[in-house]
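Structure record follows, encoded as structure tokens.
Residue numbers (our numbering): 460 to 576.
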């Protein structure tokens, strides 16, 4: 059994500009097809609009509110909201307050699969 503690994971900045801590991924467990991370953003911070050719993502908001844009459709999201980001969808999240959310990726998150418009 593999169990990882969030507080033991070191944060890093992704290519899109968000700060994440990997909870479980191929860097800290024998994960083959998935990754789970916690992302944090400060009020007013936005990721750079991007897409993934391979990766499907799910964001699950834990704290704060944000504007979420997926393929030009924008809506306000908050705690308890889960957002599906299909592979190939151009997306951007903009924090309206201090923001904390989980990011689930399949296949696992990889910097090489981040493409900017």
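Beta carbons: idealized from backbone N, C-alpha and C, even for Gly.
Neighbourhood of residue 505 by C-beta distance below 8 Å, restricted to the same chain and skipping five residues each side: If you number the chain shown from 1, residue 505 lands on position 46. Within the same chain, 476, 551, 552, 553 and 554 come within 8 Å of residue 505 by CB-CB distance, once the 5 residues on both sides are set aside.
Just the C-alpha distance for residue 507 and residue 462, rounded to the nearest angstrom, thanks. Looking up residue 507 in the chain shown gives position 48. Looking up residue 462 in the chain shown gives position 3. Straight-line Cα distance between these residues: approximately 32 Å.
Is residue 488 helix, strand or coil by DSSP? Counted from its first residue, the chain shown places residue 488 at position 29. Residue state, collapsed to three classes: coil.
State the Cα-Cα distance for the pair residue 535 and residue 558, rounded to the nearest angstrom. Position 76 of the chain shown, counted from the first residue, corresponds to residue 535. Position 99 of the chain shown, counted from the first residue, corresponds to residue 558. Their Cα atoms are separated by approximately 13 Å.
DSSP-derived helix/strand/coil call for residue 570: As a first step, residue 570 must be located in the chain shown, where it is residue number 111. The answer is helix: DSSP assigns residue 570 an H, G or I state.
Could you have a look at residue 507 and say whether DSSP puts it in helix, strand or coil? Taking the chain shown and counting its residues from 1, the one referred to as residue 507 is at position 48. Coil at residue 507, not helix or strand.
Starting from residue 527 and walking both ways along the beta strand (DSSP E), at which residues does that stretch end? By one-based count along the chain shown, residue 527 stands at place 68. Residue 527 -> beta strand (DSSP E) spans 525 to 529.
Checking 8 Å against the spacing of the C-beta atoms, do residue 515 and residue 565 come in under that value? As a position in the chain shown, residue 515 is number 56, starting the count at 1. As a position in the chain shown, residue 565 is number 106, starting the count at 1. Yes.
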